[in-house]
Amino acid sequence: MQPWFRALRNLTWLTQLGFSLVAPPILCVGGCWWLQQRFSMGGWIVVVGLILGLGGSVSTAMGFYRHACRQSQKNQKQRPDAFNTHK
Numbered sequence: 019m020q021p022w023f024r025a026l027r028n029l030t031w032l033t034q035l036g037f038s039l040v041a042p043p044i045l046c047v048g049g050c051w052w053l054q055q056r057f058s059m060g061g062w063i064v065v066v067g068l069i070l071g072l073g074g075s076v077s078t079a080m081g082f083y084r085h086a087c088r089q090s091q092k093n094q095k096q097r098p099d100a101f102n103t104h105k
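Per our numbering, the sequence shown starts with residue 19, numbered consecutively.
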């Protein structure tokens, strides 16, 4: 039953990563579009929101990459020192 749990855990990581990468640009552009409509600001504000949202997505991707690297190093098995010391 453990392979199913591992697959479900990986699926939840993947969906969480997807939401974390997509949400910042959508929310920033939406908020900037609202500012543009509400306060009659120029179109430049939407570009600023897009840049900020993409920056948030890149930050999330880098954090996930660092976490994945730490997990792979932790789970990596050590090689035996000699032939007769393996299990």
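Note that CB positions come from ideal geometry on N, CA and C, so glycine has one too.
Quantities reported herein were computed from a predicted structural model and do not represent experimental measurements.
N- and C-terminal bounds of the alpha helix (DSSP H) containing residue i
i   : result
S58 : No alpha helix (DSSP H) holds S58; DSSP gives it neither H nor E.
Backbone secondary structure at residue i - three-state DSSP
i   : result
Q34 : helix
Q94 : coil
Close beta carbons around residue i, own chain, < 7 Å, minus the five adjacent residues each side
i   : result
R27 : none
L53 : M59, I63
L35 : F82
Residue i CB to nearest heavy atom of the ligand NAP below 8 Å
i   : result
L68 : With respect to the ligand NAP, the structure offers nothing, as it holds no ligand at all.
Cβ neighbours of residue i in the same chain (closer than 6 Å, five flanking residues each side left out)
i   : result
L70 : C46
Spatial neighbours of residue i in its chain, beta-carbon cut-off 8 Å, leaving aside the 5 residues before and after
i   : result
R84 : none
L39 : S75, T78, A79
Environment of residue i [buried if 16+ CB atoms lie within 10 Å]
i   : result
C50 : buried
L42 : The identity of residue 42 in the sequence shown is Pro, whereas the question assumes Leu. P42 is buried by the Cβ-count criterion.
G48 : exposed
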